[in-house]
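Everything on this sheet refers to the single structure shown next.
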Amino acid sequence: MHPRALICLPTYNEAENLPLMVEAIFAEVPTLEILVIDDGSPDGTGAIADAIAERDSRVHVLHRTAKEGLGRAYIAGFRWALERDYGLVFEMDCDFSHQPKYLHDFLASAERADLVLGSRYISGGGTEGWAWHRRMLSRGGNTYARMILGLPFRDLTGGFKCFRREVLERLPLDEIQGGGYVFQIELTWRAVQAGFRVEEVPIVFPDRVRGDSKMHGAIVLEAVKNVWRLRLGV
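If you count by our numbering, then the sequence shown holds residues 151 to 384, one letter each, in order.
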């Protein structure tokens, strides 16, 4: 039997997606719980989350008053989870680029590994609906990070992850500086440096079908610069 598991689900203007995502997650694994971390969405996502939580005790809501970025939202979710008795904590996007059907694979891998990475770049993984330049940028960024940090994992920038509680307890959450892609790289880097076991499971990552993409050039540039910060320990 798996330990109690929580999905950290950050939202900003996900009013269309949130009810569908909650339904899809529970259709796959009814025993999971969800923490919606809403950054004051002007489209009413927070109120929708509250209404869902009133109907379903498996759903919880953490309201944040300002949009501080995905990394800060996840760290707030991690702290919330660590204050409670969750044994597994997921990172997952609400836009269906992270497909709930893969949750079973994550749970199976988490029986062996301390950190499970959803990977687009191992056998069985991939992307759908991406322009050629986005594919090139993503693959190039991953190759760059792997070379600088000396890590064997094929997908360091992905945000579909599952942590054992022990990993989050050891991570210096106050010191993690990055947002966007470098945040994801840093979490894996620090887990490896602490001696935890990491596995990748294949996922297919489709482009989001509702709302706007949160991928921006500044996020990529931040990752390029900050990989060296991690490598040099500064």
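Ideal Cβ placement from N, Cα and C applies to all residues, glycine included.
Around the beta carbon of K375, fewer than 16 other beta carbons sit within 10 angstroms, so the residue counts as exposed. With 16 or more other Cβ atoms from the protein chains shown falling within 10 Å of its own Cβ, P160 counts as buried.
Distance from the CA of G275 to the CA of A177, rounded to the nearest whole angstrom, comes to 22 Å. Residue pairing by DSSP places D188 opposite T161 and H213 in a beta bridge. Our two residues, L337 and R214, have alpha carbons roughly 22 Å apart in a direct line. When C-beta atoms of the region 289-298 are compared with those of the region 196-212, fewer than three pairs fall below 8 Å, so the two segments do not count as touching. I157 and G308 have their alpha carbons spaced roughly 16 Å apart. Look at E183 here: in three-state DSSP terms it is strand. Between L306 and Q334 the beta-carbon gap is near 7 Å, inside 8 Å, which marks them as a contact. When rounded, the separation of the alpha-carbon atoms in Y236 and R154 is 5 Å.
With respect to A165, G194 sits close: the two C-beta atoms are nearer than 7 Å. Distance from the CA of L168 to the CA of G330, rounded to the nearest whole angstrom, comes to 21 Å. In this model, S288 and T277 are separated by some 10 Å (Cα to Cα).
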